[in-house]
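Shown next, in structure tokens, is the structure this report addresses.
In the numbering used here, the protein residues as written are 1395 to 1479.
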């Protein structure tokens, strides 16, 4: 439970089986070449997911062409979730 309380992003939660967990961006789907479920079901199509290491990927292109911010940059955690402005 300590990691749930310590997470600066409020991203951790207690799994029904009793352990601390967090979103994996549906890694089981990504490994099959699918998008995370949140991307597919977002009614406003405002969630993007992709390979930041690929300069030609949609997410890389969006970050080059749009203003963005990350949560808590002062922590030095270098998060990989970007919010487009």
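No residue lacks a Cβ here, since even glycine has one placed at the ideal position from N, Cα and C.
Under 8 angstroms between C-beta atoms of residue i and residue j
i	j	result
residue 1410	residue 1419	no
residue 1405	residue 1395	no
Top-ranked residue by Cα proximity to residue i, from the options
i	options	result
residue 1462	1475, 1469, 1470 and 1452	1475
residue 1401	1477, 1469 and 1479	1469
residue 1471	1397, 1457, 1414 and 1403	1403
residue 1460	1423, 1427 and 1477	1477
Spatial neighbours of residue i in its chain, beta-carbon cut-off 7 angstroms, leaving aside the 5 residues before and after
i	result
residue 1432	1441
residue 1452	1442 and 1444
(request) Go through the stretch 1417 to 1455 residue by residue and report every complete run of the alpha helix (DSSP H) that reaches 4 residues or more, in order. (result) Fully enclosed alpha helix (DSSP H) runs of 4 or longer: 1421 to 1424 and 1431 to 1435.
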